[in-house]
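Trainee: One structure, pasted below without further comment.
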Amino acid sequence: MCGVVAIVGKEKASTLVIEGLKKLEYRGYDSAGIASLNNGLIQSIKLEGKLENLVNEFNLLTKEKVYNDTSIALGHTRWATHGNVNIKNAHPIISENKVAVVHNGIIENYLELKEKLLSEKFNFKSETDTEVIPNLFIKYIRDGNNFLESGRLVLKDIKGAFAFIAMCTDYPNQLFVSRNSSPLAIGLGENSNFVGSDAQSMNHLTDRIVYLEDGDHAILTLNKVKIYDKNFNLTNRKIINIKAEIGFITKGGYKHFMEKEIHEQPSVIPQTISSFAVGKKSLKIDVDKLGFTDKGSLLICAAGTSFYAAMVGKYWIEQIANIPVTVDLASEYRYRKPCIFGQKSILVISQSGESLDTLMALRYAKELGLRTSAVINVEGSTIDREVDYSLHTRVGPEIGVASTKSFTSQLVVLYLIAITLGKRFNDIKQDVIEKHLKFINMLPRAIAKMLELENKIISIAQIIKNSNSVIFLGRGFLYPLALEGALKLKELSYIHAEGFAAGEMKHGPIALIENDIPVVMFLVSDGYEDKAISNLQEAYSRGAKIILISDKECIKKSEFANLKILIPEFNNEFKSLLSPILMSIPAQLLAYHVAKERGTDVDQPRNLAKSVTVE
Ligand code: F6R
398 MCGVVAIVGK EKASTLVIEG LKKLEYRGYD SAGIASLNNG LIQSIKLEGK
448 LENLVNEFNL LTKEKVYNDT SIALGHTRWA THGNVNIKNA HPIISENKVA
498 VVHNGIIENY LELKEKLLSE KFNFKSETDT EVIPNLFIKY IRDGNNFLES
548 GRLVLKDIKG AFAFIAMCTD YPNQLFVSRN SSPLAIGLGE NSNFVGSDAQ
598 SMNHLTDRIV YLEDGDHAIL TLNKVKIYDK NFNLTNRKII NIKAEIGFIT
648 KGGYKHFMEK EIHEQPSVIP QTISSFAVGK KSLKIDVDKL GFTDKGSLLI
698 CAAGTSFYAA MVGKYWIEQI ANIPVTVDLA SEYRYRKPCI FGQKSILVIS
748 QSGESLDTLM ALRYAKELGL RTSAVINVEG STIDREVDYS LHTRVGPEIG
798 VASTKSFTSQ LVVLYLIAIT LGKRFNDIKQ DVIEKHLKFI NMLPRAIAKM
848 LELENKIISI AQIIKNSNSV IFLGRGFLYP LALEGALKLK ELSYIHAEGF
898 AAGEMKHGPI ALIENDIPVV MFLVSDGYED KAISNLQEAY SRGAKIILIS
948 DKECIKKSEF ANLKILIPEF NNEFKSLLSP ILMSIPAQLL AYHVAKERGT
998 DVDQPRNLAK SVTVE
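Going by my numbering, the first residue of the sequence shown is number 398, and it counts up by one from there.
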């Protein structure tokens, strides 16, 4: 992943680069660094850990005038891929005090290049794949090429997904930048120009943004930006005006962004609903744009939590629209030679719109001739720009690494897609559609009621916080939620957690049951609840501590459960269908409170990043 940002032509460029890095920390936060040119020399500060370490050191060194804040600088916030987390591997990676590079992505053929460069007596001080880039620059500059020519030769050498920015002491007023599959945007200023991993990283500097396309490279000076395409032809890319709305993002009085994002669901989900439903009467999802012109099968691809949303979507679309749905992990899809028989379209789901696995699945599906659409939160993201049809969830920036409001909003869109397809292909009558929409419109209130369970969830967190392992169970619509509940708990609290379809326990996982292991089950009465309760009983008989989050009917049938959390009453007809959305709330609260109890970094859990732009 990693975030990169650079500035040419603006006083106090390093200070402004750090401001940009603050907005990119979602991309990685295990080390950070900056470099700038001062009187023909590269000066640099790199530190392990969060960006605030870099900020403190920078403030100190500038105050003591050890570091001079000049008008050309670049910066990086890292999510380690190659090489441990240490200062040596932190970016900028600088070779021979002449070329400094910040890089996001992976140079796949770096070993081969490194070997060759070593044989030519080039020096490597880090374990990163990145270091081949500044060394290659030096090689080509030494051969008599200028900065642009050298950059182009570097691009011919390197393979992989990358976005990088290079700065060289021989060209003190220029930045060379390039991207291939990893995101990079250029910001246009007055007598200054900028570049960053996303538009947000530059919104304190400009509102005029140009997104580079794959294979593009560019030279930035203070008064010119020259962009070239992959064939080295000078090209023009569209200038986009980004809205100033992104602005400054606060925790709004909450301790963590995640807590705020969980609690704002009742107020942001209406934005998702109103984007695709006109009151309680009709829907505004375009089936033709979805590429679903005749009844075939639909493919949905996504990663992580978005993949679990896709799983729920499959259950809904198959049940409501009677259309077969295949869901695929984005990271698997393009490598397994998928059979597209009967498929005309792919729907991808991504909060960030930048997950490389998902982007690659999308591009692969495009090559196979499928029409593409996406459920996306971040407008203007790479997937958003590449897809034929975008369905924006519109829940605002999600800063906490764990997906919360994004997940519920993705579910809402999928539910509305299911009804839309049901109307076209499964003869769902208007009165039934209106009923669906009536209950969808009641969701924000229902979510607010679910949030009232928070104190009860805190008491469960007290029980779980010292466990080594937790099992989550669900059946039917709530099976994907069991997977999501487990993912949320493990990524935030670092407690080992697994989710299973309750009926699968007896086929193997039940061997994990030992005395006092917490088993959390999300359950609503759906006509099949007795089966799920039997599965729960089987775990109970073997010593598990049963935590049941459920409705009155199921709780009555599960007297044996050690802890029972009664959820608020909802309309019976839709309770089961909408249960994945409603039950997300206790799942999110549980993970949040266990993590808080354990004192982990809730918003930036270890080893993770908000936007996963490596494969
Ligand atoms: C977990 C989480 C991740 C993301 C996954 C896909 O809480 O947030 O599993 O869901 O990395 O990200 P997007 O949706 O941005 O493609």
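Glycine included, each C-beta is placed from N, C-alpha and C at the ideal position.
Everything numeric in this text was worked out from a predicted model, so none of it was measured.
For the pair the stretch 452-470 and the stretch 405-416, tell me if three or more CB-CB distances fall below 8 Å.
Mentor: Result yes; three or more Cβ-Cβ pairs closer than 8 Å.
Trainee: If we count Cβ pairs, one from each stretch, closer than 8 Å, do we get three or more for the stretch 814-824 versus the stretch 709-729?
Mentor: Yes, the stretch 814-824 is in contact with the stretch 709-729.
Trainee: Relative to the alpha-carbon of residue 399, which residue among 567, 437 and 482 has its alpha-carbon at the smallest distance?
Mentor: For the residues 567, 437 and 482, the minimum Cα distance to residue 399 belongs to 482.
Trainee: Counting only C-beta atoms, is residue 691 closer than 7 Å to chain D at any point?
Mentor: The structure shown contains no chain D; it is built from a single protein chain.
Trainee: Using 7 Å as the threshold, is the C-beta distance between residue 772 and residue 810 below it?
Mentor: In contact: residue 772 and residue 810 (Cβ atoms closer than 7 Å).
Trainee: How close, in whole Å, do the beta carbons of residue 525 and residue 486 come, if the pair is a contact with beta carbons under 8 Å?
Mentor: Contact flag correct, Cβ pair sits at about 5 Å.
Trainee: Cβ atoms of residue 543 and residue 406: under 7 Å apart, would you say?
Mentor: No, the Cβ-Cβ distance between residue 406 and residue 543 is not below 7 Å.
Trainee: Can you find the residues in the same chain that come closer than 8 Å, C-beta to C-beta, to residue 848, ignoring five residues on each side of it along the sequence?
Mentor: Same-chain partners within the cutoff: 659, 660, 662, 663, 982 and 986.
Trainee: By Cβ distance, which residues of its chain are closer than 8 Å to residue 844, with the 5 residues on each side in sequence left out?
Mentor: Within the same chain, residue 844 has close Cβ partners 662, 663, 666, 805, 978, 979 and 982.
Trainee: How big is the Cα-Cα spacing for residue 381 and residue 739?
Mentor: Because the chain spans 398 through 1012 in this model, residue 381 falls outside it and cannot be assessed.
Trainee: In the DSSP assignment, find the alpha helix (DSSP H) that holds residue 584 and state where it starts and stops.
Mentor: No alpha helix (DSSP H) contains residue 584, which is instead part of the beta strand (DSSP E) from 582-585.
Trainee: Three or more C-beta pairs closer than 8 Å, one from the stretch 726-739 and one from the stretch 579-588: is that the case here?
Mentor: Touching, no, given that fewer than three Cβ pairs across the two stretches are closer than 8 Å.
Trainee: What does residue 847 pair with, by DSSP beta-bridge criteria?
Mentor: Per DSSP, none; premise fails for residue 847.
Trainee: My output table needs one value for residue 605: the three-state DSSP class, helix, strand or coil.
Mentor: Strand, per DSSP.
Trainee: Run through the stretch 697-781 for me and flag every whole beta strand (DSSP E) of 3 or more residues, listed as ranges in chain order.
Mentor: The qualifying runs are 722-726, 740-747 and 768-773.
Trainee: Does DSSP put residue 557 in a helix, in a strand, or in coil?
Mentor: Of the three classes helix, strand and coil, the one that applies to residue 557 here is strand, per DSSP.
Trainee: Output the distance between the C-alpha atoms of residue 440 and residue 446, rounded to the nearest integer angstrom.
Mentor: Rounded to whole angstroms, residue 440 to residue 446 spans 20 Å at the Cα level.
Trainee: Is the closest heavy atom of the ligand F6R to the C-beta of residue 1027 under 6 Å?
Mentor: What the structure shows of the chain is the stretch from 398 to 1012, and residue 1027 is not part of that stretch, so it cannot be assessed.
Trainee: Inspect the beta-carbon positions of residue 724 and residue 714 and report whether they are closer than 7 Å.
Mentor: No; because the gap between Cβ atoms is not below 7 Å, this pair is not in contact.
Trainee: Assess contact between the stretch 862-871 and the stretch 997-1012, defined as three or more Cβ pairs (one per stretch) separated by less than 8 Å. Is contact present?
Mentor: The stretch 862-871 vs the stretch 997-1012: no contact.
Trainee: Whole angstroms are fine: how far does the CA of residue 634 sit from the CA of residue 531?
Mentor: Those two C-alpha atoms are separated by around 27 Å.
Trainee: Specify whether the stretch 881-898 and the stretch 698-709 touch according to this definition: at least 3 beta carbon pairs, one from each stretch, less than 8 Å apart.
Mentor: At 8 Å Cβ cutoff, the stretches touch.
Trainee: Let me check one thing: in DSSP terms, what residues is residue 429 bridge-paired to?
Mentor: In the DSSP output, where bridge partners are listed per residue, residue 429 has 444 and 474.
Trainee: On a Cα-Cα basis, can you pick out the residue from 781, 741, 777 and 766 that is closest to residue 755?
Mentor: Among 781, 741, 777 and 766, the Cα nearest to that of residue 755 is on 781.
Trainee: Ordered along the chain, which non-local residues of its own chain (more than five positions away) have a Cβ less than 6 Å from that of residue 556?
Mentor: Correct list, in chain order: 505 and 506.
Trainee: Is residue 700 near the ligand F6R, with its Cβ less than 6 Å from a heavy atom?
Mentor: Residue 700: yes, Cβ under 6 Å from the ligand F6R.
Trainee: Could you tell me the alpha carbon to alpha carbon distance between residue 636 and residue 586, rounded to whole angstroms?
Mentor: Their Cα atoms are separated by approximately 12 Å.
Trainee: Taking all protein chains shown into account, do 16 or more other C-beta atoms lie within 10 angstroms of the C-beta of residue 641, making it buried, or fewer, making it exposed?
Mentor: Low confidence applies to residue 641: its pLDDT is 49, below 50, so where it sits in the model is not reliable enough to give any reading.
Trainee: Taking all protein chains shown into account, do 16 or more other C-beta atoms lie within 10 angstroms of the C-beta of residue 824, making it buried, or fewer, making it exposed?
Mentor: Label assigned to residue 824: exposed.
Trainee: With burial defined as no fewer than 16 other Cβ atoms inside 10 Å of the residue's Cβ, what is the status of residue 732: buried or exposed?
Mentor: Exposed, by the Cβ-count rule.
Trainee: Flag residue 1009 as yes when its Cβ comes closer than 6 Å to any non-hydrogen atom of the ligand F6R, and as no otherwise.
Mentor: Checking the Cβ of residue 1009 against the ligand F6R gives yes.
Trainee: Determine the closest residue to residue 711 out of 876, 917, 962 and 501, with distance taken between C-alpha atoms.
Mentor: Checking every option, the nearest Cα to that of residue 711 belongs to 876.
Trainee: For residue 912 and residue 443, what's the separation of their Cα atoms in angstroms?
Mentor: Approximately 48 Å between the Cα atoms of the pair.
Trainee: Under DSSP, the beta strand (DSSP E) around residue 870 begins and ends at which residues?
Mentor: From DSSP, the beta strand (DSSP E) with residue 870 extends over 866-871.
Trainee: Tell me residue 946's beta-bridge partners as DSSP assigns them.
Mentor: Residue 946 pairs with 919 and 962.
Trainee: Are residue 677 and residue 838 touching if we call contact CB-CB under 7 Å?
Mentor: For residue 677 and residue 838, yes; Cβs fall inside 7 Å.
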